[in-house]
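Colleague:
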Amino acid sequence: MPIDTWFPLAIYYEDVQDSIEHKMSLLSAIFQLEEAVQERRNFPEMAWTGDLHGVHNIHQNPQFSWVVGQVEKHVVIYLKALGIDLAKIKPYIQRAWPVISRHQQEVGMHSHNTAHVSAVYYVAVPLSGSDEAGCLAFVDDARMNEVSPGLGSENTDVMANWTPFNQEQALYAPVEGRLMVFPAKQRHGVTLNHTEAPRVSLSFDIVLTAAVGVSGAYEFLTPPIQLWRPFSDRAEE
Ligand SMILES: [Fe+2]
Numbered sequence: 056m057p058i059d060t061w062f063p064l065a066i067y068y069e070d071v072q073d074s075i076e077h078k079m080s081l082l083s084a085i086f087q088l089e090e091a092v093q094e095r096r097n098f099p100e101m102a103w104t105g106d107l108h109g110v111h112n113i114h115q116n117p118q119f120s121w122v123v124g125q126v127e128k129h130v131v132i133y134l135k136a137l138g139i140d141l142a143k144i145k146p147y148i149q150r151a152w153p154v155i156s157r158h159q160q161e162v163g164m165h166s167h168n169t170a171h172v173s174a175v176y177y178v179a180v181p182l183s184g185s186d187e188a189g190c191l192a193f194v195d196d197a198r199m200n201e202v203s204p205g206l207g208s209e210n211t212d213v214m215a216n217w218t219p220f221n222q223e224q225a226l227y228a229p230v231e232g233r234l235m236v237f238p239a240k241q242r243h244g245v246t247l248n249h250t251e252a253p254r255v256s257l258s259f260d261i262v263l264t265a266a267v268g269v270s271g272a273y274e275f276l277t278p279p280i281q282l283w284r285p286f287s288d289r290a291e292e
């Protein structure tokens, strides 16, 4: 009784070479950035996320140049695997920020609505490889096999058992030195850090535009930013 599965979500991961060598300098830079922020802008049970605290430009900070290079390299591999012609697009890191998840902290479900591709790099993970420090959880919003909408809801008990065809979530245990790449629109969150030590990661949002000189795709791919024109100040008066 064969049953085929189609339309897979592509989640990329790679354990980055030389990650150990860069761990301490990255950690020190991240904790300095966190310390420099006075005001806490989210709930105590939520991880400290740089993007909510004005720390969203680490891609322009030379202390993070090694990891930025790794993100560029692996995102290109991911885009090629998706079948994209790299000569026709120009990728940009649009924003990048640290996330520090301490004991019993998590990151709620969300998607990165202003980007196309997202990446996360795990700088420090207590009990690396286990789910103790909090998993990256992807949610299946497409629910291709939910033949009656709502059938898989937590408010019903109609589902007798979980099979590969009705999974609501895919969980990835964090691994120190690992880089993950996924579609930015894919809803995700991070489960609780049950350990006493902080789990420290870096998030990257990447935007794809058309490459200069590649026309004809602008309805589907943002035109090169060189073609944009900001409103004049006059228009705002
Ligand atoms: Fe995220």
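Each residue of the sequence shown is one higher than the last, beginning at 56 in my numbering. Ideal placement from N, C-alpha and C gives every residue a C-beta, glycine not left out. Source: prediction; values computed, not measured.
What do you reckon, is the C-beta of HIS158 under 7 angstroms from a heavy atom of ligand 1?
Modeller: False, no ligand heavy atom lies under 7 angstroms from that Cβ.
Colleague: Is there contact between the segment 142-155 and the segment 201-209, where contact requires at least three CB pairs shorter than 8 angstroms?
Modeller: With the cut-off at 8 angstroms, the segment 142-155 and the segment 201-209 do not touch.
Colleague: Could you pull the start and end residues of the alpha helix (DSSP H) that GLU76 belongs to?
Modeller: Start and end: 74-90.
Colleague: Considering Cα atoms alone, identify which of ILE155, VAL267, SER270 and ALA188 is closest to LEU247.
Modeller: Out of ILE155, VAL267, SER270 and ALA188, ALA188 has the C-alpha closest to the C-alpha of LEU247.
Colleague: Is LEU88 near VAL178, with beta carbons less than 8 angstroms apart?
Modeller: No, these two residues do not count as a Cβ contact at 8 angstroms.
Colleague: Less than 8 angstroms between the beta carbons of ILE113 and ALA170, yes or no?
Modeller: Against a cut-off of 8 angstroms, the Cβ pair of ALA170 and ILE113 comes out as no contact.
Colleague: Does the distance from the C-beta atom of GLY105 to that of PRO153 stay below 8 angstroms?
Modeller: Yes, the Cβ-Cβ distance between GLY105 and PRO153 is below 8 angstroms.
Colleague: Checking the sheet assignment: what are the DSSP bridge partners for GLY244?
Modeller: ALA192, per the DSSP bridge assignment.
Colleague: Could you tell me which of PHE286, ASP59, GLN72 and ILE58 sits nearest to LEU234, measuring between CA atoms?
Modeller: Considering only alpha carbons, the answer is GLN72.
Colleague: Which same chain residues, not among the five before or five after GLY163, have their C-beta less than 6 angstroms away from its C-beta?
Modeller: Excluding sequence neighbours, GLY163 sits near GLY244.
Colleague: I'd like the span of the alpha helix (DSSP H) that includes VAL122, first residue to last.
Modeller: Start and end: 120-136.
Colleague: Within 10 Å of its beta-carbon, does LEU206 have 16 or more other beta-carbons around it, so buried, or fewer, so exposed?
Modeller: Classification of LEU206: exposed, given that the 10 Å Cβ count is below 16.
Colleague: According to DSSP, is ASP212 part of a helix, a strand, or is it coil?
Modeller: Coil, per DSSP.
Colleague: For LYS135, which option in ALA65, HIS111, ASP195 and GLY268 has the closest C-alpha, if you only look at C-alpha atoms?
Modeller: Of the candidates ALA65, HIS111, ASP195 and GLY268, the one whose C-alpha sits nearest the C-alpha of LYS135 is ALA65.
Colleague: Between the segment 180-198 and the segment 211-230, do at least 3 Cβ pairs fall closer than 8 angstroms?
Modeller: In short, these stretches touch, since the Cβ pair count reaches three.
Colleague: VAL122 and LEU276 - do their beta-carbons sit closer together than 8 angstroms?
Modeller: No, Cβ-Cβ distance for LEU276 and VAL122 is not below 8 angstroms.
Colleague: May I ask you to check if the CB of SER173 is nearer than 7 angstroms to at least one heavy atom of ligand 1?
Modeller: Indeed, a heavy atom of ligand 1 lies less than 7 angstroms from the Cβ.
Colleague: GLY184: which of PHE86, ARG254, MET79 and SER173 sits nearest, CA to CA?
Modeller: Comparing Cα-Cα distances from GLY184 to each of PHE86, ARG254, MET79 and SER173, the minimum goes to ARG254.
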